[in-house]
Amino acid sequence: MISFYSGTPGSGKSLHTARDIYFQLFRKKKNIISNFDINMDIYNSKNKKGIFKYVPNYELTPEYLIEFARKHHTSQKEGQTILVIDECQLMFNSRTWQQQGRSQWIEFFTQHRKFFYDVILISQFDRLIDRQIRSLIEYEVVHRKVNNFKIGDYLPITLFVAVTRWYSQKAKIGSQFFIYREKYSKMYDSYKTFKEQV
3 MISFYSGTPG
13 SGKSLHTARD
23 IYFQLFRKKK
33 NIISNFDINM
43 DIYNSKNKKG
53 IFKYVPNYEL
63 TPEYLIEFAR
73 KHHTSQKEGQ
83 TILVIDECQL
93 MFNSRTWQQQ
103 GRSQWIEFFT
113 QHRKFFYDVI
123 LISQFDRLID
133 RQIRSLIEYE
143 VVHRKVNNFK
153 IGDYLPITLF
163 VAVTRWYSQK
173 AKIGSQFFIY
183 REKYSKMYDS
193 YKTFKEQV
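As structure tokens, this is what we get:
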């Protein structure tokens, strides 16, 4: 399954991602591969957990992911590792569709389930991403900060909403509200720059 997390800066994408990583690593014991590091003090403090691998953009390749799957995945069990790519437009920009290695990525995304991966791509706007990759997205999760709306001015907490919809049909599936929680925000720094990793 390929999901796309979208939303403007401050809309809750990073918090939602951190919450997902926390839940998948420590509750479901799934592996995470991401192009950003997390707070390793939190990770090392947990006894039971999945494998976490930070791989910068310039090292993150389909070959790396396939080799990881061969070493760590068992057969016939989907979603054993979640690949999370933040600021994915830096790797899969719509204007660089002829970039070397792009065809290998498209082939990987087409067959990611055979390697027992789920994928989360994160960017502000889907049109920044290569059209060939967009066509493989199953779900889009649109993020909004509720406090930015008129009714949100009266809320005593920081509240976000994530609206999930079928990407190809733009049909709404559901929505969930979530609040700012420090234990999730400490998972990783959303202000980290990815420029040096391109």
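Numbered as in the working numbering, the sequence shown ends at 200 without a single skipped number.
Beta carbons are placed, not taken as given, at the ideal position from N, Cα and C, and that holds for glycine.
Check: From Ser47 to Arg72, what distance separates their C-alpha atoms?; Outcome: 28 angstroms
Check: Less than 6 angstroms between C-beta atoms, sequence neighbours within five positions excluded: which residues of the same chain meet that for Asp120?; Outcome: Met3, Gly81 and Ile84
Check: Give every residue of the same chain whose Cβ lies closer than 6 angstroms to the Cβ of Gln106, excluding the five residues on either side of it in the sequence, and list them in chain order.; Outcome: Pro64
Check: Where do the N-terminal and C-terminal ends of the beta strand (DSSP E) with Asp120 fall, by residue?; Outcome: Tyr119 to Ile124
Check: So for Gln106, helix, strand or coil by DSSP?; Outcome: helix
Check: So Ile87 and Ser5 are in contact, right, with Cβ under 8 angstroms, and what is the actual spacing, rounded?; Outcome: About 11 angstroms; that fails the 8 angstroms criterion.
Check: Roughly how many angstroms separate the alpha carbons of Lys50 and Ile139, rounded to a whole number?; Outcome: 31 angstroms
Check: Using 8 angstroms for Cβ pairs, my map puts Ser36 next to Tyr7. What's the rounded Cβ distance?; Outcome: Not confirmed; about 13 angstroms, so no contact.
Check: Could you tell me the boundaries of the alpha helix (DSSP H) in which Leu85 lies?; Outcome: From DSSP, Leu85 is part of no alpha helix (DSSP H) but of the beta strand (DSSP E) over Thr83 to Ile87.
Check: Which of the three DSSP states, helix, strand or coil, is assigned to Ile23?; Outcome: helix
Check: What residue from Pro58, Ile53 and Leu62 has the CA that sits closest to His75's CA?; Outcome: Ile53
Check: Rounded to a whole number of angstroms, what is the C-alpha to C-alpha distance between Lys147 and Lys15?; Outcome: 10 angstroms
Check: Quick one: give me the first and last residue of the alpha helix (DSSP H) that Leu92 is part of.; Outcome: Note, Leu92: premise wrong, no alpha helix (DSSP H); not H, not E.
Check: How is Ile111 classed by DSSP in three states: helix, strand or coil?; Outcome: First, the amino acid is wrong: residue 111 is Phe here, not Ile. Helix at Phe111.
Check: From this set, Arg115, Ile44, Leu92 and Tyr45, which residue's C-alpha is nearest Leu62's C-alpha?; Outcome: Leu92
Check: On the premise that Ile131 lies in contact with Ser96, defined as a C-beta separation below 8 angstroms, what is that separation, rounded to the nearest angstrom?; Outcome: 6 angstroms
Check: What is the DSSP secondary structure of Gln101, reduced to helix, strand or coil?; Outcome: coil
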